Amino acid sequence: MGHTLVEKIIGNKVGHEVKPGDIVTVDVDWCMIDDIMAPFAVQKFEEMGFDKVANPDSVVLIYDHFLPATQVDDTRHFKIGDEFAKKYGIKNVHRTDGICHQLMTEAGYVKPGDIAFGTDSHTVTYGCVGAFSTGIGYTEMAGILGTGQLWIRVPESIKVEIDGTLPGNVTSKDIILRIIGDLTASGATYQSIEFTGSTVDAMSVASRMTMSNMSVEAGAKCGLFVPDEKTCDYCRIDYDDSVKALRPDDDAKYTRILRYKAEDMVPVLACPSLVDNIKPVSELKGTKVDQVFLGSCTNGRLEDLRAAATILKGNHVADYVKMIVTPASRKVYREALHDGTIEILLDAGCIITTPGCGLCCGRGGGILSDGEVVVATNNRNFLGRMGTSKVQIYLASPITAAKTAIAGVIS
Amino acid sequence: MFKAKIWKLGDDIDTDIILPTEYLAYETLDEMKPYAFSPLRPELAGKIQPGDMIVAGYNFGCGSSREQAPEVVKALGISCIVAKSYARIFFRNAINNGLLLIEQPDLYDEVNEGDEAEVTPGECIKVNGKSYPIASLPDNLLEILNAGGLVKAMRKKNGLE
Amino acid sequence: MGMTMAEKIIAAAAGVKEVKAGDIETVTLDKLMSNDGTTHLTIDMYNNLKNPRIADPDKLVWIIDHNIPADSPKTAASHKKMRDFAKANGIKLYEGEGVCHQIMMENHVCPGELIFGADSHTCAYGALGAFGTGVGCTDYLYAMVTGTSWLLVPETIRFNLHGKLKEGVYARDLILTIIGRISANGANYKAMEFVGDGLKELSIADRIAICNLCVEAGAKTALIEVDDVALEYLKEHGRQPKALYKSDDDAVFSEVYDINLEEIEPIVAKPHFVDNIVPVSECEDVKIDEAFLGSCNNGRIEDLRVGAQIIKGKHVAEGVRFLVVPASRQVYKQALKEGILDTFMEAGAMVMNPNCSVCWGACQGVIGEGETLISTGTRNFKGRAGHKDSFVYLASAATVTASAIKGYITRA
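Just so you know, the protein sequences line up as chains Z, E and Y, in that order. One point on numbering: in this note's numbering, the residue at position 35 of the first sequence is 54, and numbering is uninterrupted. One point on numbering: in this note's numbering, the residue at position 137 of the second sequence is 534, and numbering is uninterrupted. One point on numbering: in this note's numbering, the residue at position 242 of the third sequence is 337, and numbering is uninterrupted.
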């Protein structure tokens, strides 16, 4: 019987065929630990009584949620991370380079076929390069640090096929929001989502990242793309037979198949306060906004900044509206400096902040207060996520965000 | 078997509701405890008594991988959560902290906040005279749960318990 | 009898021919600056008045710079209050455009004006020959409602600057040296006036840095005579002087100091006071966790150029967070054009949006328990940059950048 992509990836790792429901123990290629969770993972690791990290080179420590620090205890997390790294010989530490999920592929760690775990739910992002990756708690992370392994239940898979050419004002963000709306916030729980079709084939890795990243919002364990030549270029590896083998069999079994025509897609928003509360932009046109946020591991990449800049060029953010732009990494920020994107955003009145999780994690970067409305390109609009529970958060694409910023109302 | 008073929450109780980001970096669970569920029901954390249980709808614990969420629920003294379904990271995190999670499709729609339940793990829950069957966990998870969480299981493995 | 510059500005604002130190005058204010540090409190007080009205909304300039982008629902609420009020009352509002004093210098301050700012570093405006002084929100409210206020005419301490700063020595070293000499309350209630041939070599950026820090010696205001350099700056920014004043030859000064610029050395102000100064060489064993280049004192293009030149081709020390914060959108844009932002980023620095940043000790770059910051900010008071048990050293852009590279305090 044929296998899905996730079954192939896990099967390759454990050296035998696997099927959904199997519980297997895998060797872990990458452990990503972010600054919020670092002290807790360290504490659990010590409580467990390990005296060494099984595979220090597989560990990547990234400070991003508390950067720049806004509270007096924030830097304690960096300190504990630094001390742990020093003590156990962990060399991969990113202190001010950007958002963890951006860096894990951008800085050359995760490659097609790898298995990665991270102490953050959006670890699913690395599915964009055909890696199995998912979020775990800090206790499990401590266990992996000590043993190099983790048990997983091989998930069932949902296939999402998108074919055709997207309208000019629609991005991969609109697609994934639409899919989450259709699946609901728990519709893919415990499952792997495989994204396929000609629309997906034509997408950049950055666009795919947006979709992998948000697959967790439908409850998915992972959101996978078949690695292709673009993936290999991005990962700076050869498109060889081992990569080519990472594709589902034609007779693979899926619990569900969703099919979309790209031409039918329209710009959408996730409305307060659930990610699956999806409505077309046309239905909400005219809703007044106070702030627009462009950034996060979902949509803080160069192509996102460029998409916004194309709209904002020669225009200005509406009076009394703020547009905050937070590049996903230092590399993204520098590339956007070099190609003139930042200058366009600056002239349009955007506030450009230092790379990090920014507003998306609710610790700074443009927090809002009662009665305010924000259109944001990140991944969650939960109650209270960006300030008080009386803040209305709409999630949208960079294009919708930029148009909204100019008009001061959802556009 | 144990008895527990029911606190009832809805569908999609996300991790930002269980514990907002603002309080994640507090050093102790005691400091975090008062803010549990605060975006939704600020008064709730103060009312929960040790041994009480939470009953909820679909997708409990969706969102972030923050393990402070199940830890703070456990620290409040919650004996178990009964929901229609759980988000997967929350599920693993709860088991790893020795917090009992039970999936039950019907109970949520038929009980009220304040009702008293009688829970027999692996068998059933009785509320208002009606018995709701519940399944047992897979062996590898029971092992972790019975050890009192993953830390204790690992300590055992490392010859410390 | 002759008058000082400060006396002349106050006399004009009071509509009288002559004033002298010690007089109390009722003055009409030219501009009123307020920022998000306290404006929400002013608004609350205003709303408690019976039938309040603003004397002249055109004189008000409100600037959101301390907590931008907002870091908590509380600061966001205070911004909203300020924004809504400004909108309803036709008050000029800047949000996220830069540090208030830099915005004022770029867009509003004119020689000869009398300006109240609800921020202590308002004395910076003396760099363009304006009498700027910091007030609390009650004084601000009174001025906002009446257009006037009372002012005790200050005595003036005069500083004659001679010669030229040596290579590698900056205005920041000069003013810290002066504060060290006269102490943190050496100019209480007084005006500090800077004159002499030494000024010729000091740019407007240098002069702002000097005047800005005078409040750290307790000064009410700081003043520098308007010369060609200042007129050129005004012209570039499309403004005209209101009036040009200089102290009369027979004006009375409470003290006069002669400062030879050649003798100034790179200096550091140690925790926890601005007048606790020592040569950089005495701090070279101090390990740092964070470095900050920015603020109303040293966040201008000239300062960023100094830093960029030092760091080009080098890298920030491992474990050190180096915050580079242009003082305004204009400064940021110029730095972008000159490739300076990229130089800093390539070296591992964090380039931030224009705001007060860690100088204000909230919002961005806060330091933790036991941590040490070397900063071009204005103050090194205990707890100023974050945790109460942390340490702030003040120094020039050059010293800060060199320290960020080494990981220890060092001169460039």
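The beta carbon of each residue, even a glycine, is placed where N, CA and C say it ideally should be. Note that the structure is a prediction, hence the values are computed from the model and not measured.
Taking the straight line between their C-alpha atoms, what separation do you get for residue i and residue j?
| i | j | result |
| --- | --- | --- |
| E320 (chain Y) | L155 (chain Y) | 25 Å |
| L402 (chain Z) | D389 (chain Z) | 12 Å |
| R325 (chain Z) | S234 (chain Z) | 24 Å |
| E248 (chain Z) | A135 (chain Z) | 21 Å |
| G154 (chain Z) | T473 (chain Y) | 43 Å |
| N525 (chain E) | F457 (chain E) | 24 Å |
| G238 (chain Z) | M228 (chain Z) | 17 Å |
| C369 (chain Z) | A172 (chain Y) | 21 Å |
| L196 (chain Z) | T396 (chain Z) | 11 Å |
| S176 (chain Z) | N130 (chain Y) | 55 Å |
| A221 (chain Z) | G183 (chain Z) | 9 Å |
| L358 (chain E) | C477 (chain E) | Missing from the structure shown is residue 358 (chain E); chain E here goes from 398 to 558 and no further. |
| V91 (chain Z) | K483 (chain Y) | 9 Å |
| L356 (chain Y) | N146 (chain Y) | 54 Å |
| V11 (chain Z) | P58 (chain Z) | Outside the shown range of chain Z, which is 20 to 430, sits residue 11 (chain Z), and nothing can be said about it. |
| A60 (chain Z) | V78 (chain Z) | 12 Å |
| T316 (chain Y) | P75 (chain Z) | 58 Å |
Within 10 angstroms of its Cβ, does residue i collect 16 or more other Cβ (buried), or is it exposed?
| i | result |
| --- | --- |
| I383 (chain Y) | buried |
| I42 (chain Z) | exposed |
| T44 (chain Z) | exposed |
| V373 (chain Y) | exposed |
| K341 (chain Z) | buried |
| Q465 (chain E) | buried |
| R148 (chain Y) | exposed |
| N537 (chain E) | exposed |
| M440 (chain Y) | buried |
| S533 (chain E) | exposed |
| H161 (chain Y) | buried |
| A264 (chain Z) | exposed |
| W245 (chain Y) | exposed |
So what does residue i bridge to, in DSSP terms?
| i | result |
| --- | --- |
| I28 (chain Z) | DSSP, once it has assigned bridges, lists no residue as partnering I28 (chain Z). |
| W404 (chain E) | E:I451 |
| M51 (chain Z) | Z:V79 and Z:G137 |
| S257 (chain Y) | The residue you asked about is not Ser; residue 257 (chain Y) is His in the sequence shown. Bridge partners of H257 (chain Y): Y:N355. |
| I109 (chain Z) | Answer is none; I109 (chain Z) lacks a bridge partner. |
| P374 (chain Y) | Y:I362 |
For the candidate residues the options, whose alpha-carbon lies nearest to that of residue i?
| i | options | result |
| --- | --- | --- |
| M445 (chain Y) | Z:P346, Z:M67 and Z:A420 | Z:P346 |
| L418 (chain Y) | Y:G408, Y:C454, Y:L269 and Y:R253 | Y:C454 |
| E445 (chain Z) | Z:V392, Z:C241 and Z:E36 | Because residue 445 (chain Z) is not part of the residues shown, which for chain Z are 20 to 430, the question remains open. |
| V392 (chain Z) | Z:C380, Z:I418, Z:A424 and Z:A367 | Z:A424 |
| L391 (chain Y) | Y:G193, Y:D323 and Y:I354 | The amino acid at residue 391 (chain Y) is misidentified as Leu; the sequence shows Cys. Ranking Y:G193, Y:D323 and Y:I354 by Cα distance to C391 (chain Y) puts Y:G193 first. |
| V114 (chain Y) | Y:M96, Y:D125, Y:L127 and Y:S129 | Y:M96 |
| L185 (chain Z) | Z:R266, Z:E282 and Z:M160 | Z:E282 |
| R95 (chain Z) | E:L547, E:K471, E:A422 and E:K400 | E:A422 |
| K182 (chain Y) | Y:A165, Y:P152 and Y:I163 | Y:P152 |
| W49 (chain Z) | Z:A126, Z:E302 and Z:K332 | Z:A126 |
| E311 (chain Y) | Y:L326, Y:A364, Y:D322 and Y:M100 | Y:A364 |
| V173 (chain Z) | Z:K192, Z:Q62 and Z:T208 | Z:T208 |
| I386 (chain Z) | Z:F312, Z:Y253, Z:M405 and Z:G314 | Z:M405 |
| Y265 (chain Y) | Y:K407, Y:E208, Y:E190 and Y:I305 | Y:I305 |
| I414 (chain E) | E:S435, E:V479, E:E558 and E:L498 | E:S435 |
| L542 (chain E) | E:E500, E:D512, E:Y529 and E:A491 | E:A491 |
Closest Cβ-Cβ distance between residue i and chain A: below 7 Å?
| i | result |
| --- | --- |
| A422 (chain E) | Of the chains in the structure shown, none is chain A; the protein chains are Z, E and Y. |
- [ ] Using a Cβ-Cβ cut-off of less than 8 Å, give me the residues of the stretch 134 to 159 of chain Z that come near chain E, in sequence order.
- [x] From the stretch 134 to 159 of chain Z, only G137, T138, D139, S140, T142, T153, G154, I155, G156, Y157, T158 and E159 have a Cβ closer than 8 Å to chain E.
Open item on the list: To be precise: take each residue of the stretch 61 to 87 of chain Z, compare its Cβ to all Cβ atoms of chain E, and keep it if any distance is under 7 Å. Which residues remain?
Closed with: Listed by position, the residues of the stretch 61 to 87 of chain Z near chain E (Cβ gap below 7 Å) are K63, E66, M67, G68 and F69.
Open item on the list: By the 7 Å beta-carbon criterion, what residues does the stretch 390 to 418 of chain Z contribute toward chain Y?
Closed with: Of all residues in the stretch 390 to 418 of chain Z, only E391, G406 and T407 place a beta-carbon less than 7 Å from a beta-carbon of chain Y.
Task: Residues in the stretch 362 to 382 of chain Z having any Cβ partner in chain E nearer than 8 Å - done: Only C380, G381 and R382 from the stretch 362 to 382 of chain Z bring a Cβ to less than 8 Å from some Cβ of chain E.
Task: Selection of the stretch 342 to 354 of chain Z by Cβ proximity to chain Y, strictly under 8 Å - done: Close to chain Y, meaning a Cβ-Cβ distance shorter than 8 Å, are the following residues of the stretch 342 to 354 of chain Z: I343, R349, Y352 and R353.
Task: Contact set between the stretch 202 to 218 of chain Z and chain E, restricted to residues whose Cβ is under 7 Å from the partner - done: So the list reads A204, S205, T208 and Y209, given in the order they occur along the chain.
Open item on the list: To be precise: take each residue of the stretch 114 to 125 of chain Z, compare its Cβ to all Cβ atoms of chain E, and keep it if any distance is under 7 Å. Which residues remain?
Closed with: Hits within the stretch: zero.
- [ ] Closer than 7 Å, Cβ to Cβ, to anything on chain Z: give me those residues from the stretch 180 to 196 of chain Y, in chain order.
- [x] Cβ contacts with chain Z: K182, E190 and G191.
Task: Contact set between the stretch 150 to 167 of chain Y and chain Z, restricted to residues whose Cβ is under 8 Å from the partner - done: Taken in chain order, the members of the stretch 150 to 167 of chain Y whose beta-carbon sits within less than 8 Å of a beta-carbon on chain Z are I163, P164, A165, D166 and S167.
Task: Where the stretch 441 to 468 of chain E meets chain Z: residues whose CB sits under 7 Å from a CB there - done: Answer in chain order: Y455, N456, C459, G460, S461, S462 and E464.
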